[in-house]
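As structure tokens, the structure follows; a few thoughts come after it.
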Amino acid sequence: MSSTRNPGRVAGFLYLLLALAGPVRLIYIPSKLFVHGDATATSNNIAAHETLFRLGIASDLFVGTIVIFVAFALYLLFKEVDHNLAVLMVILGGLMPAAIYFCNVLNDAAALTLVHGANFLFAFEKPQRDALVMLFLHLHGQGFVAGEIFYGLWLIPLGLLTYRSHFLPPLPGRLADHQRPRLSGPQLYRRTVTAIRGSRLQHHLSLPHRRGRIHAVASN
31 MSSTRNPGRV AGFLYLLLAL AGPVRLIYIP SKLFVHGDAT ATSNNIAAHE
81 TLFRLGIASD LFVGTIVIFV AFALYLLFKE VDHNLAVLMV ILGGLMPAAI
131 YFCNVLNDAA ALTLVHGANF LFAFEKPQRD ALVMLFLHLH GQGFVAGEIF
181 YGLWLIPLGL LTYRSHFLPP LPGRLADHQR PRLSGPQLYR RTVTAIRGSR
231 LQHHLSLPHR RGRIHAVASN
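The sequence shown begins at 31 in this note's numbering and counts up one residue at a time.
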């Protein structure tokens, strides 16, 4: 199977993209724009760096799309092992997290609308809008927590499929290897000496000693 058609390689490449894009909204943007406990400062930062905040929205959409393709690539890899488990893996690891990511974008979009202060928000004063911004950002964080639950659940069918596919060494064989007796230093030395005595290597090792004895006799 060529590398371009290998589902495992495709899943690995897409997972690498997730590792690069995921921290943008999860770690980088909060560290740059959000001020803990200060709604006004957070709103002002978002207004001053709107492009960066929109990049976070785009990264959420990108990650939500990629997780679907990661789950589908793994489905193609494991569908012959157990079709039902493979479908469950796609639901828990692809469809559900993607839905959460897409819905989470609405929280950021609402926060951005409040920062802009649209005309229909005239009933809300600036401090009230800032407080609502923090509320929607908090809801976005709770959405991440919900997504992490599914990221944990999907490991169950993925682990079962990996075990049943024999991609890894069988567990009994690995346990047998761990239970194999380990030799101590003296035991290893005695076994090595015994092996040397029973092999032709002893003859070669004893030649210098024999030659020394012959030379001593000849000199006498």
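Think of the CB as a built atom: it goes at the ideal place given N, C-alpha and C, for glycine as much as any other residue.
The structure presented is a predicted model; accordingly, all values stated were derived computationally and were not measured.
Reduced DSSP secondary structure (H/G/I, E/B, other) of residue i
| i | result |
| --- | --- |
| glutamate 80 | helix |
| serine 253 | Shown here, the chain extends from 31 to 250; a query on residue 253 therefore has no answer. |
| aspartate 160 | helix |
| serine 73 | helix |
| histidine 146 | helix |
| glutamate 155 | coil |
| histidine 113 | helix |
| glycine 67 | coil |
| asparagine 137 | helix |
| histidine 170 | helix |
| serine 89 | helix |
| serine 214 | Unreliable placement is indicated for serine 214, whose pLDDT of 49 sits below 50; the coordinate value is still reported in the next sentence. Here serine 214 sits in coil by DSSP. |
| leucine 50 | helix |
| leucine 44 | helix |
| leucine 205 | Reliability of the predicted coordinates at leucine 205 is poor, the pLDDT of 43 falling under 50, and the value obtained from them is presented with this limitation in mind. Helix at leucine 205. |
Distance between residue j and residue i (C-alpha atoms, nearest Å)
| i | j | result |
| --- | --- | --- |
| alanine 148 | leucine 106 | 47 Å |
| tyrosine 58 | glutamine 172 | 17 Å |
| alanine 176 | leucine 144 | 24 Å |
| alanine 116 | valine 65 | 42 Å |
| valine 40 | isoleucine 96 | 11 Å |
| leucine 17 | alanine 69 | Outside the shown range of the chain, which is 31 to 250, sits residue 17, and nothing can be said about it. |
| threonine 72 | threonine 81 | 15 Å |
| leucine 46 | phenylalanine 154 | 43 Å |
| phenylalanine 152 | alanine 101 | 45 Å |
| alanine 161 | tyrosine 131 | 23 Å |
| glycine 182 | asparagine 74 | 36 Å |
| isoleucine 76 | phenylalanine 43 | 32 Å |
| histidine 168 | glycine 86 | 15 Å |
| cysteine 133 | isoleucine 98 | 15 Å |
| alanine 88 | phenylalanine 174 | 16 Å |
| leucine 191 | proline 37 | 14 Å |
| leucine 91 | valine 135 | 7 Å |
| valine 111 | glycine 94 | 26 Å |
| leucine 185 | methionine 119 | 8 Å |
| leucine 63 | histidine 79 | 8 Å |
| glycine 67 | glutamine 158 | 14 Å |
Counted within 10 angstroms of its Cβ, other Cβ atoms place residue i as buried (16 or more) or exposed
| i | result |
| --- | --- |
| leucine 104 | buried |
| isoleucine 179 | exposed |
| leucine 188 | buried |
| histidine 170 | buried |
| leucine 50 | exposed |
| tyrosine 193 | exposed |
| leucine 61 | Per the sequence presented here, residue 61 reads as serine, with leucine not at that position. The residue is exposed, with fewer than 16 neighbouring Cβ atoms inside 10 Å. |
| proline 127 | buried |
| serine 195 | exposed |
| alanine 141 | buried |
| glycine 251 | For the chain, the structure presents residues 31 to 250; residue 251 sits outside this window and is missing. |
| phenylalanine 13 | Residue numbering for the chain in the displayed model covers 31 to 250; residue 13 lies beyond these limits and cannot be assessed. |
| phenylalanine 83 | buried |
| asparagine 137 | buried |
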